[in-house]
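FYI, our numbering numbers position 6 of the sequence shown as 9, with every residue one higher than the one before it.
The C-beta atom is built at its ideal place from N, Cα and C for all residues, glycine as well.
Report on the structure given below.
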Amino acid sequence: MAEETALKAIIQNDQEMLRTLKIVQSLNLPDWWICAGFIRNKIWDVLHGYPSDTPLNDIDIIYFDPVDTSIETEENLNKKLNVLDSTMPWSVKNQARMHHKAGFPPFKSSQDGIAHFPELPTAIGVKLTQDNQLLIAAPWGIKELMNLIVSPTPYYQLNSQHYSIYQERLKEKDWQKTWPLLKFRDC
């Protein structure tokens, strides 16, 4: 609980993160979350003592709508977000269709989609409730994130059919270059 309190405090003390959350909240998407690097990178920056945020490649926004799984809807949502703030690298994905990407059974919710992210510190989401309280989705917990540990989620562990995807992402992201205190485990 102390780790979640610390995580929420970091987000609540970042006016830009709160502004971004309010922008996404205004879309009223079903089962929406901002996830992955939006949170992970911020925590790693703080834990490394960086005076400013590492630039984000994108802001991952997910939602769950099993009725409309069209890519066009996602593109229209990206356009709406760009009207609200064109300086942000928005990336909207409906988790009702994302299971196809790695060959998983259909996801049941956005949190189910988050649980299927490759790395434990990436498998996290945040959103604002109707009364503007922060809500955290962390199907596998936040211990690894808060302790600078990178390891695969159960779906991507060693000897799984998806382990190679996890390894490729680590090479591609090269997080150690930006955050040298990270510890990597293959679990």
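Collapsed DSSP secondary structure at residue i in the structure displayed
i, result
"V27", "helix"
"F107", "coil"
"N60", "coil"
"W36", "strand"
"F67", "coil"
Residue i versus residue j: straight-line alpha-carbon distance, rounded
i, j, result
"K186", "K174", "14 Å"
"R22", "I14", "11 Å"
"Y159", "S73", "27 Å"
"T181", "Y169", "18 Å"
"N150", "E7", "12 Å"
"S154", "E171", "13 Å"
"S167", "Q179", "19 Å"
"P54", "K130", "25 Å"
"A99", "N81", "17 Å"
"L10", "L137", "10 Å"
"V27", "N85", "11 Å"
"S94", "P121", "18 Å"
Beta-carbon proximity check, residue i vs residue j, cutoff 9 Å
i, j, result
"D88", "K45", "no"
"K83", "L30", "yes"
- beta strand (DSSP E) runs contained entirely in the segment 115–176, provided each spans 3 or more residues: 128–131 and 137–140
- Task: Check whether the segment 51–68 touches the segment 19–37, taking contact to mean three or more Cβ pairs, one atom from each stretch, closer than 8 Å.
- Result: yes
- Determine, using beta-carbon pairs with one atom in the segment 45–56 and one in the segment 69–80, whether at least three such pairs fall under 8 Å. no
- At 3 residues or longer, and completely inside the segment 73–103: list those beta strand (DSSP E) runs for me, N to C. 93–97
- Task: Check whether the segment 134–152 touches the segment 113–120, taking contact to mean three or more Cβ pairs, one atom from each stretch, closer than 8 Å.
- Result: yes
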